[in-house]
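With the working numbering as the guide, the letters of the first sequence map in order to residues 266 to 546. Yeah, the Cβ is synthetic: ideal placement off N, Cα and C, and Gly gets one too.
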Amino acid sequence: MEKLSPSSSSSVDHKAWTEAQDLLKQKLIAEDDFSWGLDSKSNSKSMEREEEKEEEREELLKYVGGVDISYSKENPSMACGILVVLELKTLQVVYQDFCVVTPNVPYVPGFLAFREAPVLLELLEKMKNNNSPVYPQLLMVDGNGILHPRGKSFDKNPGFGLACHLGILANLPTIGIGKNLHHVDGLTLSGVKQLLEAQEDSAEGFITLKGCSGRTWGAAARSTGGSLKPIFISTGHRISLDTATRIVKMTCKFRVPEPIRQADIRSRDHLRKHQTRTSKD
DNA sequence: GCGACAG
DNA sequence: ATCTTGTCGC
266 MEKLSPSSSS
276 SVDHKAWTEA
286 QDLLKQKLIA
296 EDDFSWGLDS
306 KSNSKSMERE
316 EEKEEEREEL
326 LKYVGGVDIS
336 YSKENPSMAC
346 GILVVLELKT
356 LQVVYQDFCV
366 VTPNVPYVPG
376 FLAFREAPVL
386 LELLEKMKNN
396 NSPVYPQLLM
406 VDGNGILHPR
416 GKSFDKNPGF
426 GLACHLGILA
436 NLPTIGIGKN
446 LHHVDGLTLS
456 GVKQLLEAQE
466 DSAEGFITLK
476 GCSGRTWGAA
486 ARSTGGSLKP
496 IFISTGHRIS
506 LDTATRIVKM
516 TCKFRVPEPI
526 RQADIRSRDH
536 LRKHQTRTSK
546 D
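Take a look at the structure:
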């Protein structure tokens, strides 16, 4: 009952995964594609003083989702996926749901989506099927969007990270937030830091990430203070980098945007509460 | 060939 | 990702 295939011997199948990524990638939309707007821009002329109805002349972005998965070292067979939704205006959590699972796919750099997307997608579909009134209009993902090495030849093509992958599966606009730089197209952490420091105080600590090839992969930001570790923003699906960057700014109370930060904190807490029975009695 | 490599 | 307390500062 234990036969290993000659060439591929585990659940890790780089070739099949790369092909799957390439297929999904064909559906990727790299521009703003949604019906809502950001309040800053919609009323540029003058506030019609007439009836200030809540009439939705134009729907506004109100609910922003965040997803993440936390893992337990004590119990490697236990992980916790989470979906949170925050109200943009107040940055308060208005929805949260957890999913304790056993990781079945290992983490392989470049293929994070095959490990995490199924869990996160399930949380989204559950919420959607329940007709929740706060279903997110936009999703922030703990991981990269196009800032990602797509297979081996990324020099001419944008990547396809978890944020892209999940965005397509869920058909939602997504923004990828990396807390570490995935080295692609010649980008290095030291190079990014130099650019950030050379910025002085011009662009609020945001710079565009351009690789050796000239391609734009995303943006780096030191949202807080001076010398903190930057975060790395890249578009996932149905959004432009410009819009993504603006929304990140709106949600950055601390270094990491609130939807991601809250997802991080809460999934970790939830995991602790659900593993207290494993090693102790 | 070797190292690098989101979470 | 995970292992980890206090501590310095606004």
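* To do: Could you pull the start and end residues of the alpha helix (DSSP H) that SER384 belongs to?
  => First, the amino acid is wrong: residue 384 is Val here, not Ser. Per DSSP, the unbroken alpha helix (DSSP H) holding VAL384 starts and ends at 377-394.
* Run through DSSP, which three-state label would LEU348 get? -> Note: LEU348 maps to strand in three-state DSSP.
* Helix or strand or just coil, what does DSSP make of VAL513? -> Annotated three-state conformation of VAL513 is helix, per DSSP.
* **Local conformation of LEU325 per DSSP, three classes** => Strand, per DSSP.
* Asked: CA-CA distance, ARG526 and THR367?
  -> Cα-Cα distance, rounded: 23 Å.
* Asked: Are the CB atoms of LEU474 and TRP482 nearer to each other than 8 Å?
  -> Contact: yes.
* To do: Give the straight-line distance between the Cα atoms of HIS413 and GLY451, rounded to the nearest whole angstrom.
  => Taking the straight line from one Cα to the other gives about 12 Å.
* Length of the line joining the Cα atoms of ARG415 and VAL359 -> In a straight line, the C-alpha of ARG415 is about 35 Å away from that of VAL359.
* **Cβ neighbours of LYS393 in the same chain (closer than 8 Å, five flanking residues each side left out)** => The beta carbon of LYS393 is closer than 8 Å to those of TYR400 in its chain, skipping five residues each way along the sequence.
* Asked: Span of the beta strand (DSSP E) holding SER499?
  -> Its beta strand (DSSP E) spans residues 496-502.
* Report back the beta-carbon spacing between VAL521 and ILE440 to the nearest angstrom; my notes put them in contact at under 8 Å. => That pair is no contact at about 12 Å.
* To do: Mind checking who LYS475 pairs with in its DSSP beta bridge?
  => Its beta-bridge partners are THR481.
* **Per-residue DSSP class, three states only, for GLN402** => Correct three-state label for GLN402: coil.
* Asked: Residues in its own chain within less than 6 Å of ASP304 by CB, not counting five upstream and five downstream?
  -> Here the set comprises LEU325.
* Can you tell me whether DSSP reads GLY432 as helix, strand or coil? -> Residue state, collapsed to three classes: helix.
* Nearest to GLN458 (by Cα), restricted to the options PRO438, ALA485, ARG480 -> Gln is not the amino acid found at residue 458; the sequence shown has Lys there. Out of PRO438, ALA485, ARG480, ALA485 has the C-alpha closest to the C-alpha of LYS458.
* Classify GLY456 as helix, strand or coil using the three-state DSSP reduction. => Helix.
* To do: Determine the closest residue to LEU536 out of CYS345, THR500, PHE497, with distance taken between C-alpha atoms.
  => The candidate whose alpha carbon is nearest that of LEU536 is CYS345.
* To do: Count the other CB atoms, across all protein chains shown, that sit within 10 Å of the CB of CYS477; report buried if there are 16 or more and exposed otherwise.
  => When all chains shown are included, CYS477 counts as exposed.
* Candidates GLN464, LEU353, PHE379, GLY408, of which the one nearest GLU523 by Cα -> When each option's Cα is compared against that of GLU523, the closest is LEU353.
* Which class does LEU355 belong to by DSSP, given the choice of helix, strand or coil? -> This sequence places Thr at residue 355; Leu is not what is there. Reduced to three states, the DSSP call for THR355 is coil.
* Near GLN540, what residues of its chain come up, given a Cβ to Cβ distance below 7 Å and the 5 sequence neighbours on each side ignored? -> Answer for GLN540: SER337, GLU339, ASN340, MET343, listed in chain order.
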